[in-house]
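Chains as they are written, first to last, in this note's numbering: chain A, 1 to 320; chain B, 321 to 640; chain C, 641 to 960. Each residue gets a CB set at the ideal place from its N, CA and C atoms; glycine is no exception. Worksheet: the structure to be examined is printed underneath.
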Amino acid sequence: MNQFTSVHDVQDIGKLLRDALALKENPYAHKSLGENKTLGLVFLNPSLRTRLSTQKAALNLGMSVMVMNMDKEGWALETQDGVVMNGTTVEHIREAAAVMGQYCDILGLRSFPKLADREEDYSEDFFNKFIAYSKVPVVSLESATRHPLQSLADLVTIKETWQGAGKPKVVLAWAPHIKALPQAVPNSFAEWMCKAQELDMLDFTIAQPEGYELSEDFSKGAAISYDLDAALSGADYIYVKNWSSYKDYGKVLPYPEGWMLTNEKLTVTNDARVMHCLPVRRDLELSAEVLDGPSSLVIHEAGNRLWAAQAVLKQMLEKL
Amino acid sequence: MNQFTSVHDVQDIGKLLRDALALKENPYAHKSLGENKTLGLVFLNPSLRTRLSTQKAALNLGMSVMVMNMDKEGWALETQDGVVMNGTTVEHIREAAAVMGQYCDILGLRSFPKLADREEDYSEDFFNKFIAYSKVPVVSLESATRHPLQSLADLVTIKETWQGAGKPKVVLAWAPHIKALPQAVPNSFAEWMCKAQELDMLDFTIAQPEGYELSEDFSKGAAISYDLDAALSGADYIYVKNWSSYKDYGKVLPYPEGWMLTNEKLTVTNDARVMHCLPVRRDLELSAEVLDGPSSLVIHEAGNRLWAAQAVLKQMLEKL
Amino acid sequence: MNQFTSVHDVQDIGKLLRDALALKENPYAHKSLGENKTLGLVFLNPSLRTRLSTQKAALNLGMSVMVMNMDKEGWALETQDGVVMNGTTVEHIREAAAVMGQYCDILGLRSFPKLADREEDYSEDFFNKFIAYSKVPVVSLESATRHPLQSLADLVTIKETWQGAGKPKVVLAWAPHIKALPQAVPNSFAEWMCKAQELDMLDFTIAQPEGYELSEDFSKGAAISYDLDAALSGADYIYVKNWSSYKDYGKVLPYPEGWMLTNEKLTVTNDARVMHCLPVRRDLELSAEVLDGPSSLVIHEAGNRLWAAQAVLKQMLEKL
C-alpha cells in the first residue's frame with residue numbers, strides 16, 4: 001500500500017480485515033518489520049484515539065514515532081501556489097511536506113475541513129499536496145472529507161462481532177449536535193460500507209433528515225431513508241453520527257424531533273449493536289442509557305482502531 | 321500494585337524504598353519487564369519533573385511511552401454524569417478513559433484541583449472516575465489532593481541521606497506565596513511522613529500559620545506547631561512548601577512575617593537539610609542563599625523522582 | 641565534544657564533516673552507542689526541521705528522546721539572579737536546568753532572542769546559564785545569536801555537492817522579509833564559512849544593504865559587499881536569508897529594490913546552487929521559480945540536518 005486516504009487505496013479489503021484481526025491475536029508478530037523505520041504523525045487538529053492508536057500500532061511493529069503538532073509546535077502553513085507570502089503564513093506546504101519526508105519513512109496527516117468553501121474542502125487540495133511533496137507513503141489521520149482508519153476499524157468491528165446468519169443490516173443514522181461537524185466520518189463510513197455491500201458482506205442504509213444527504217460520491221449504492229424508525233427496523237448495527245449539511249454546505253439545518261437514538265428506538269431493531277466513532281456528546285447525539293447499556297460497541301470499536309492502523313502500517317512497511 | 325494514588329495503595333513501604341534505591345544503583349536491571357508494555361501519560365496541567373522523570377523511569381524499564389496533553393492536544397472533558405452535553409465539553413471521561421485504557425497497559429494522570437469547591441476537589445471524583453473507566457492500573461502524576469510520586473521520592477531522599485543516630489526530625493514548614501496553591505503536595509507529604517512515623521522511621525512536625533492547617537485526614541499523628549522557630553529547633557530535614565487554606569478553602573489568608581526560610585532560621589536546626597518539591601519561587605518561598613547553599617537537597621530530591629517512579633512502575637509491571 | 645553551541649566548540653571540522661557523510665551512508669552503524677542514553681529536547685520556540693531531524697538523529701544512534709515544550713507544557717522560567725520571584729515566572733533556570741540534567745544524558749535547547757536589548761541577547765545569558773546549571777552536554781537547537789546545527793548541515797551540503805575544480809565561491813545574500821528576524825542563522829553561517837575559508841575550503845562573501853551588517857565577531861574574514869549583483873558574479877553557492885539590523889538592533893530598515901533572488905539574478909553566477917535554512921517565504925525572500933527550479937538545494941540541505949545532528953550527537957556520546 002503506497003497511501004491510505006480512502007477505500008479506493010485498498011486492493012484487497014478481505015486481506016486487510018484478516019490482517020487486522022490476526023494482529024489483534026498476535027500484536028508483536030511483525031515487530032522486526034518496522035526496525036529503523038520512523039512514522040511521523042502530523043496534526044493540524046486535536047486527536048485522542050487516532051493519535052494514541054496509530055502511535056501504539058507503530059510501536060507494535062517496531063517503528064519509532066515522532067509526533068508533530070503543526071499548529072502548536074511548528075509554523076503556520078501556506079497551501080496556495082502563486083501567492084507572495086507576506087502575510088501570516090510562515091512556511092509553504094511544498095517545503096514543509098518535502099522536509100518531513102526527508103526524516104520519516106511514513107507520514108500520517110490530520111487536517112480538518114474549514115467548512116466554508118465546499119469546493120475547496122472536497123478538492124482535498126491540502127492533503128493531495130502534502131502527499132505529492134512529501135514523496136513518502138502517507139496515511140490519512142482524517143482529512144477534509146474522509147477518515148479511513150476509522151472506517152476500517154468500523155468494518156473490522158462488524159466483521160468480528162457479527163454472528164448471525166446471512167448478512168447484517170447496517171444503518172448509518174444521523175444524530176443531532178449543536179456544532180457544524182465535517183462530513184468526513186459519515187462520508188468515509190458510507191464509502192466503506194457501500195464497498196462491503198458490493199462484496200456481499202452486508203446491507204447498508206443511510207438515514208438522515210431532509211437537507212443532510214451526503215454526496216453521492218460516497219453514498220452511491222446505499223439505501224436512503226428519511227424516516228429513522230423505518231430505517232432502524234430489523235437493523236443489526238446502527239452507526240450514530242452527526243454531520244453538517246453537504247448541500248447547504250457546512251450549515252446546521254433545522255431538523256425534526258426524534259433523531260437521538262434511545263433505548264425505545266432500539267426496540268424495532270434486531271437487537272442492534274450501536275457504534276459511534278467518538279468523541280460523542282451524551283444525551284445530545286446518543287442517549288446515555290444506550291451508551292452505557294449492553295448494545296453499545298463504542299469502546300470495543302475504539303479499541304479496534306489500533307488493529308486497523310497496525311494492518312495499514314504493516315502493509316505499507318511491506319512495500320517500503 | 322494495582323494503582324498508585326496515595327500511601328494507602330502501598331502494601332510494603334520498606335520494600336518500595338529498597339526497590340527505588342536498588343534501581344538507582346542498577347537502572348536497567350529490569351529492562352525486559354516493560355517489553356511490549358506501554359505507559360500513557362495524560363496531562364491536564366503543566367509538568368516538568370513529573371513528565372520527564374516518569375517517562376525516563378518507563379524507558380529504563382523497557383516500556384514505550386505515549387504522552388497526551390489532554391488540554392492542548394485532545395478534547396475538553398466532561399466529568400459530570402447525567403448532563404446533556406450541549407455545552408463546551410466534547411467528550412465524557414467515561415469514554416475518554418475507557419479508550420485510553422484500550423491502548424495503554426498503565427496510565428498516568430495529572431489533574432489539579434480547581435480550588436473553588438472543597439467537597440468537589442476532595443472527592444477526587446475526576447481521578448476516581450478515570451481509574452474506574454480506564455480499567456487499567458493508574459499512577460497519580462498529582463491529583464486534586466495528593467502527589468504520591470513526589471512524596472515517595474521525598475521519603476527515598478530522607479532514607480538515602482540520613483546518617484545520624486536514631487530517628488531524624490522532619491518538619492513540613494509552610495512558606496509564603498503570591499498565588500493560591502493546592503494542598504496536594506503537603507497533604508501527600510504529611511500522610512507519607514505520618515506513615516513513616518508509625519513505622520518508627522522518623523519524627524514528624526507540621527508548622528504553619530493559623531488558618532493554614534491541613535485536613536486531619538492527612539496530618540493525623542503529626543506534631544502541629546504555629547511557631548516556625550520552635551518547630552525548626554533540632555530539625556534534621558525541613559520540607560518547605562506553600563499551600564492555600566483548607567479551612568477557608570483555596571484562600572490566601574494573611575500571615576505574620578518570618579515564614580520564609582533563611583540561613584538565619586537554620587541556625588536553630590541540627591544542620592538541617594532543606595527540601596522542596598519544585599518549582600520554587602526564590603526569595604519568596606525560600607531564600608536564594610538557602611537554595612544555593614550546602615543545606616539544599618532540592619536537586620538531589622528531584623533526581624530521586626526518577627527512582628521513585630521507576631519503583632512504582634516496576635511493581636505495577638510485576639502484577640500485570 | 642562537551643557542548644555544541646558554535647563553531648568554536650568543534651576541534652576538528654574535517655572529522656565532523658566526514659562523520660556526517662559517513663552516517664548518511666550508514667545511519668545505523670552506531671546504534672549501540674546510544675543504548676540507555678536519553679536526549680532531552682527543550683523548546684522555548686517553534687521548530688519543525690530541528691525538532692524532527694535531531695529526534696531522528698538520536699533514534700538512529702539508539703538513544704531515547706524526550707521532548708519538552710517548555711513554553712506550553714512546563715513553567716514560565718526566570719533567568720535573572722537576585723530577583724524576588726513574586727511575578728509571573730514560576731521556576732528559575734537554576735532549578736529547571738539542573739533538574740533536566742538529572743534525567744537526561746544530553747540536552748538540546750532552543751531559545752530565540754527577544755530582539756529588544758542587543759547586549760542581553762548577545763550575552764547568551766540564558767543559554768550559558770542553562771549549560772552551567774544542567775551539568776550535562778548541551779547541543780544548541782538555535783540560540784539568540786547562533787544556529788550551529790544548521791550551519792554544520794550547510795557546510796556538509798557544500799562539501800557533498802561541490803564537484804568543481806578549486807574552491808567554491810559562497811555568498812550569503814540578505815533577502816527581504818516583513819518581520820524582524822534574528823541574526824542567529826546568518827551569524828552562525830558566517831562564522832562557519834569564515835572558519836572553512838581559513839581551512840582553504842571555500843571563498844566567502846556577505847552581501848547586504850547598508851545598515852544590515854552583521855557583527856564582526858561573526859563576519860571577520862568575509863568579503864563584504866553592498867551590491868548583490870556584483871557579489872553574485874561567479875558565485876557557486878548562494879545562501880539566501882533575511883535578518884534584522886544588528887546596528888539598529890532588531891529593526892527592519894528601509895532597503896533598495898532588487899534584493900530578492902530570481903532566475904534573472906542567477907545568470908551572472910557560475911550556475912550557482914541556492915540554499916536557505918527554511919522556513920522560507922516564497923516570492924518575498926526567494927522567488928518561487930528559483931525554489932522550484934533546478935538550482936535549489938533547500939530540501940537536500942534540510943535532509944542533511946539529520947546527518948549534522950547525528951554527527952554531533954555521536955561525538956558527544958563518545959565522550960560520555
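| request: Within the same chain, show all residues whose beta-carbon is closer than 7 Å to that of S463 of chain B, passing over the 5 residues directly before and after it, in chain order. | output: T325, S431, E444, F447 and A504
| task | Return the first residue and the last residue of the alpha helix (DSSP H) that T205 of chain A is part of. | result | T205 of chain A -> not in any alpha helix (DSSP H); beta strand (DSSP E) instead, spanning D203 to A207.
| said: Runs of 4 residues minimum, wholly inside the region 121-152 of chain A: which ones carry the alpha helix (DSSP H) assignment? | reply: 125-134
| query | Between which two residues does the beta strand (DSSP E) harbouring R921 of chain C extend? | reply | It is not in any beta strand (DSSP E) - R921 of chain C carries neither H nor E in the DSSP assignment.
| request: Sort A:G34, A:M85, A:D117 and A:W192 by Cα distance to D248 of chain A and report the nearest one. | output: A:D117
| field | Member of C:E925, C:L868, C:L960 and C:G748 whose CA lies at the smallest distance from the CA of P816 of chain C | value | C:E925
| message | Once DSSP output is grouped into helix, strand and coil, what is the label at M68 of chain A? | response | strand
| Fully enclosed by the region 509-594 of chain B, which alpha helix (DSSP H) runs are 4 residues long or longer? | 536-539, 548-552 and 583-586
| request: Would you kindly work out how many angstroms separate the C-alpha atoms of H300 of chain A and R689 of chain C, rounded to a whole number? | output: 38 Å
| task | List the whole-angstrom C-beta distance separating G541 of chain B from C514 of chain B, where the pair is believed to meet the contact cut-off of C-beta under 8 Å. | result | 4 Å
| field | Inter-residue Cα distance where the pair is G714 of chain C and L501 of chain B | value | 16 Å
| message | Give the list of continuous alpha helix (DSSP H) stretches no shorter than 4 residues that lie fully inside the region 326-359 of chain B. | response | 333-345
| said: So that I know if they touch, is there some Cβ in chain A lying closer than 9 Å to that of D932 of chain C? | reply: Chain A contact via Cβ: present.
| In the DSSP assignment, what residue or residues form a beta bridge with F4 of chain A? | Under DSSP, the beta-bridge partners assigned to F4 of chain A are A:V139.
| said: Let me confirm a value: T678 of chain C is counted as buried when at least 16 other C-beta atoms fall within 10 Å, else exposed. Which label applies? | reply: buried
| Using a beta-carbon distance cut-off of less than 9 Å, what residues from the region 337-364 of chain B approach chain C? | Answer in chain order: P347, Y348, K351 and F363.
| task | Go ahead and pull the three-state DSSP assignment for H412 of chain B. | result | strand
| request: Determine contact between the region 158-172 of chain A and the region 195-214 of chain A, defined as no fewer than three beta-carbon pairs at a distance below 8 Å. | output: yes
| C-alpha distance - L155 of chain A paired with I451 of chain B, whole-angstrom precision | If you take the alpha carbons of L155 of chain A and I451 of chain B, they lie about 30 Å apart.
| Would you say Q742 of chain C faces chain B, with C-beta separation under 9 Å as the test? | yes
| said: Any beta carbon of chain A sitting closer than 9 Å to that of R913 of chain C? | reply: no
| request: Taking I746 of chain C as part of the beta strand (DSSP E), name the residues at either end of that continuous run. | output: I746 to R750
| Quick one: what's E78 of chain A bridged to in DSSP? | A:H92
| task | Could you tell me if the beta carbon of M636 of chain B falls within a distance shorter than 8 Å of some heavy atom in the ligand GTP? | result | The model depicted lacks the ligand GTP and carries no ligand whatsoever.
| With contact counted as at least three CB pairs below 8 Å, one residue from each stretch, are the region 903-914 of chain C and the region 928-940 of chain C in contact? | They touch, by the three-pair rule.
| field | is_contact[P599 of chain B, chain C] using C-beta, thresh 9 Å | value | At least one chain C Cβ lies under 9 Å of P599 of chain B.
| Looking at the unbroken beta strand (DSSP E) that takes in D171 of chain A, where does it start and where does it end? | The amino acid occupying residue 171 of chain A in the given sequence is Val; Asp does not appear at that position. Where V171 of chain A is concerned, the enclosing beta strand (DSSP E) stretches over K169 to W174.
| field | Given 8 Å, three or more beta-carbon pairs between the region 19-29 of chain A and the region 305-314 of chain A | value | yes
| field | At least 3 beta-carbon pairs within less than 8 Å: the region 691-709 of chain C vs the region 583-591 of chain B | value | Too few Cβ pairs lie closer than 8 Å, so no.
| request: For V362 of chain B, name the three-state secondary structure that DSSP assigns. | output: strand
| DSSP three-state call for S616 of chain B: helix, strand or coil? | It is a strand residue.
| Spatial distance of R94 of chain A from R921 of chain C (CA atoms) | In a straight line, the C-alpha of R94 of chain A is about 11 Å away from that of R921 of chain C.
| said: Can you list, in chain order, the residues of its chain with a C-beta nearer than 8 Å to that of Q197 of chain A? Leave out the 5 residues immediately preceding and following it. | reply: D203, F204, G221 and A222
| request: Give me the Cα-Cα distance between T477 of chain B and N624 of chain B, rounded to the nearest whole angstrom. | output: 7 Å
| field | Interface residues of the region 769-783 of chain C facing chain B [CB-CB below 7 Å] | value | none
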